[in-house]
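Chemist:
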Amino acid sequence: MRIVTFNVNGIRAATRRGFVEWLSDVDADVIALQEVRCRAEQLPDSFGDYHVSYCEGNLAGRNGVAIMTRNAPKAVRTWNGKSMQLVGVEQTELDTPDGLPLEPELEDFRQAGRWIEVDLADAPATVASLYLPKGDSPYNTRNKDPENAKAKYDSKMSFLSGFAKQISKMLKRTAQTGRELVIVGDYNIAHTNLDLKNWKGNQKSSGFLPEERQWLDSIISPDSLVDVSRDLHPGEEGPYTWWSWRGKAFDNDAGWRIDYQLATPKLAARAETSKVWRAPDYASRVSDHAALAIDYKI
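With UniProt numbering, the residue at position 115 of the sequence shown is 115, and numbering never jumps.
Here's what the structure looks like:
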């Protein structure tokens, strides 16, 4: 089973840049999308025969997460209790209770369209699509609006605190139900020096702050959630999944690895191959991110 995560940086823009052609090439069983950034009624006809579960959130033109599956999922859960189900051009709005109490630190994000999860109908697994806040750095002395930067930093740290607790509850539920869990998406954090090209120059940058990296340390372990791509590529620089649109970052492969598939140990052990679908050149990019595809033997 091929599971893919892809921050599309706006599905309408991605469609204009070649998303439909990419979708045919990747030939995935499950595709998690982040930053769909579109009201459900404005979604382009870009998903082929996939069943799409979508949580758009309450901020016009911002956020939005989705999961595409070959078959209709057995169950869908979101933080705001709503999702849109799409098959072709047919849309149905569903009440989709999460089933787990949301941690207090996550209440401010309940309506933001940053989380959706599905129980697959054709495998004993739950797949979640996450778009973690980007935040900002209070340590950047060149920031023109330090007060706003501090507010974004505090918001992200609050999310991280609450989400770590939410993960613990999900892992307990996973153990009780017998379903494996994989939380895929844009985490907006590079974990180690291997995960971004210019790590020396970014130690005070949002996405590579010590406290952010320590948070990843706290949730990734052989006994809880495994960083599947890193597990398959130990000691390798990257493979990066995000490059700035600006300058020569893409041409020079000066990227960041901030998109992950974190899986429970039994599922991670079934991972066979991991591939970043990097565009062949700048002009061919569908997004500022590249998709991360992992094949699991399930």
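In this text, a Cβ means the ideal position worked out from N, Cα and C, and glycines have one as well.
Would you report the Cα separation of residue 298 and residue 3, rounded to the nearest angstrom?
Modeler: Residue 298 sits at position 298 when you count from the first residue of the sequence shown. Residue 3 sits at position 3 when you count from the first residue of the sequence shown. Residue 298 and residue 3: Cα-Cα distance of roughly 11 Å.
Chemist: Starting from residue 183, trace the beta strand (DSSP E) both ways and give me its first and last residue.
Modeler: One-based indexing of the sequence shown puts residue 183 at position 183. Here the beta strand (DSSP E) through residue 183 covers 180-186.
Chemist: Leaving out five residues before and five after residue 262 in sequence, what residues of the same chain have Cβ atoms less than 8 Å from its Cβ?
Modeler: The count along the sequence shown starts at 1 and reaches residue 262 at position 262. 182, 183, 184, 219, 220, 225, 226, 227, 228, listed in sequence order.
Chemist: From this set, 231, 252, 249, 236, which residue's C-alpha is nearest residue 294's C-alpha?
Modeler: One-based indexing of the sequence shown puts residue 294 at position 294. Nearest option by C-alpha distance: 231.
Chemist: If we count the other Cβ atoms within 10 Å of its Cβ and call it buried at 16 or more, is residue 121 buried or exposed?
Modeler: Mapped onto the sequence shown, residue 121 falls at position 121. Per the 10 Å Cβ criterion, exposed.
Chemist: For the candidate residues 15, 189, 14, 173, whose alpha-carbon lies nearest to that of residue 133?
Modeler: Locating residue 133 in the sequence shown gives position 133, counting from the first residue. The shortest C-alpha separation from residue 133 is found at 189.
Chemist: Only counting the same chain, and skipping five residues up and downstream in sequence, which positions put a Cβ closer than 6 Å to that of residue 128?
Modeler: Numbered from 1 along the sequence shown, position 128 holds the residue referred to as residue 128. Answer for residue 128: 117, 183, listed in chain order.
Chemist: Residues bridged to residue 275 by DSSP?
Modeler: Within the sequence shown, residue 275 is the residue found at index 275, counting from 1. DSSP output for residue 275 lists 293 as bridge partner(s).
Chemist: Please check the pair residue 115 and residue 100, which I expect to be a contact at CB under 8 Å, by giving their CB distance rounded to whole angstroms.
Modeler: Mapped onto the sequence shown, residue 115 falls at position 115. Mapped onto the sequence shown, residue 100 falls at position 100. Actually they do not touch by this definition, with Cβ atoms about 11 Å apart.
Chemist: By Cβ distance, which residues of its chain are closer than 8 Å to residue 171, with the 5 residues on each side in sequence left out?
Modeler: Walking along the sequence shown from the start, residue 171 turns up at place 171. Taken in chain order, the residues that qualify are 181, 224, 225, 264.
Chemist: Could you compute how far the alpha carbon of residue 276 sits from the alpha carbon of residue 258?
Modeler: Indexing the sequence shown from 1 puts residue 276 at position 276. Indexing the sequence shown from 1 puts residue 258 at position 258. For residue 276 and residue 258, the distance between alpha carbons rounds to 12 Å.
Chemist: Roughly how many angstroms lie between the CA atoms of residue 56 and residue 270, to the nearest whole one?
Modeler: Here residue 56 refers to the residue found at position 56 of the sequence shown. Here residue 270 refers to the residue found at position 270 of the sequence shown. Between residue 56 and residue 270, the C-alpha separation is close to 32 Å.
Chemist: With distance defined between alpha-carbon atoms, name the residue in 214, 266, 284, 194 nearest to residue 255.
Modeler: As a first step, residue 255 must be located in the sequence shown, where it is residue number 255. Out of 214, 266, 284, 194, 194 has the C-alpha closest to the C-alpha of residue 255.
Chemist: Using the DSSP secondary-structure output, state which residues sit across from residue 285 in a beta bridge.
Modeler: Indexing the sequence shown from 1 puts residue 285 at position 285. In the DSSP output, where bridge partners are listed per residue, residue 285 has none listed.
Chemist: Please name the residue or residues paired with residue 262 in a DSSP beta bridge.
Modeler: In the sequence shown, residue 262 corresponds to position 262, counting from 1. In DSSP, residue 262 forms a bridge with 183, 227.
Chemist: What residues in its chain sit with their C-beta under 8 Å from that of residue 215, if we drop five residues either side in the sequence?
Modeler: For the purposes of this step, residue 215 is taken as the residue at position 215 of the sequence shown. Cβ neighbours of residue 215 beyond the five flanking positions: 160, 164, 189.
Chemist: Have a look at 61, 292, 32, 24 and flag the residue whose alpha-carbon is nearest the alpha-carbon of residue 12.
Modeler: In the sequence shown, residue 12 corresponds to position 12, counting from 1. Cα-wise, what sits closest to residue 12 is 61.
Chemist: Under the DSSP definition of a beta bridge, which residues are partnered with residue 153?
Modeler: Position 153 of the sequence shown holds residue 153. DSSP output for residue 153 lists no bridge partner at all.
Chemist: Could you say which of 42, 156, 24, 206 lies nearest to residue 64 if we only look at CA atoms?
Modeler: For the purposes of this step, residue 64 is identified with residue 64 of the sequence shown, where counting begins at 1. Of 42, 156, 24, 206, the residue nearest in Cα terms is 42.
Chemist: So, do the stretch 70-77 and the stretch 37-54 have three or more beta carbon pairs nearer to each other than 8 Å?
Modeler: Result yes; three or more Cβ-Cβ pairs closer than 8 Å.
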